[in-house]
Structures are given as C-alpha cells and as structure tokens.
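Numbering (my numbering), first residue to last: 758 to 870.
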C-alpha cells in the first residue's frame with residue numbers, strides 16, 4: 758500500500774472505531790499507547806497470518822481472512838483466561854489495491870470482535 762493509500766486507510770479506520778478511554782494512542786501510529794492499571798496484568802498477542810500458508814486469500818476472501826485472524830488471536834487470549842479489550846493488528850499489503858483489501862480485512866476483524 759502506498760503512502761497516500763495508507764494515510765487514507767488510517768483516516769477511514771479511525772472513523773470505523775470507537776475511542777476507548779484506555780487507548781491513549783490508537784490507529785495510525787506505529788506504536789499503540791494503552792493506559793493500564795499498574796496492578797492489573799495486560800495480555801498482548803499478535804499472530805500474523807500468511808497468504809499461502811495459513812489461508813488462500815483468493816479462495817477465502819478478505820473478510821473471512823480478517824475473521825480468522827481475529828479469532829486466532831482471541832483464542833490465544835482465551836487460553837490464558839483473559840478478557841480482550843483491544844486488538845493489535847499487523848498487516849502486510851500490496852502497494853496496489855491495498856486500501857480496499859485492508860478495509861475488507863478490517864470488516865472481517867470487526868465481525869469477529
């Protein structure tokens with residue numbers, strides 16, 4: 758995804774998400790900032806799925822892949838008896854057509870959340 762498309766996607770993404778009081782810096786920065794109570798544990802997971810290894814995008818479709826990506830990570834949190842409050846998403850997208858693909862992936866992620 759090119760720089761302009763990435764900025765457009767981040768702007769779109771911010772309009773799709775509801776701000777949470779514990780998220781100081783959210784979508785769009787390379788690093789998220791969460792305000793977490795010091796005496797509470799915070800579980801963080803990020804399993805990145807790979808086209809051709811974990812799924813075949815052309816067969817599954819982007820929304821289904823987004824749901825799978827979220828569900829894999831939710832499963833990791835559940836395995837630790839955790840309660841999910843936020844999602845950390847890592848994406849590798851093609852330079853061309855990446856914005857539409859990213860939006861479809863996000864829609865799948867949101868469905869699973």
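Using N, Cα and C, we set each Cβ at its ideal position, and we do this for glycine too.
Enumerate in chain order the residues of its own chain whose CB-to-CB distance from residue i is below 6 Å, with the five nearest sequence positions on each side excluded.
i, result
"residue 804", "829 and 830"
"residue 842", "none"
"residue 771", "784"
Which value, in whole angstroms, describes the spacing of the CA atoms of residue i and residue j?
i, j, result
"residue 814", "residue 822", "7 Å"
"residue 846", "residue 819", "14 Å"
"residue 765", "residue 851", "15 Å"
"residue 839", "residue 833", "9 Å"
"residue 848", "residue 796", "31 Å"
"residue 812", "residue 773", "25 Å"
"residue 816", "residue 809", "10 Å"
"residue 868", "residue 763", "22 Å"
"residue 798", "residue 789", "17 Å"
So, for residue i: in the same chain, excluding its five sequence neighbours on each side, which residues have a beta-carbon less than 8 Å away from its beta-carbon?
i, result
"residue 866", "823, 824, 826, 827, 844 and 846"
Assign residue i to buried or exposed, taking buried as 16 or more other Cβ atoms, counted over all protein chains shown, within 10 Å of its Cβ.
i, result
"residue 859", "buried"
"residue 807", "exposed"
"residue 800", "exposed"
Tell me which same chain residues have a C-beta within less than 7 Å of the C-beta of residue i, skipping the five on either side of it?
i, result
"residue 767", "784 and 785"
"residue 792", "779 and 781"
"residue 769", "860"
"residue 856", "758, 762, 765 and 766"
"residue 864", "820 and 823"
Next on the checklist: Could you tell me which whole alpha helix (DSSP H) segments of length 4 or greater appear in the stretch 785–833?
Outcome noted: 814–817
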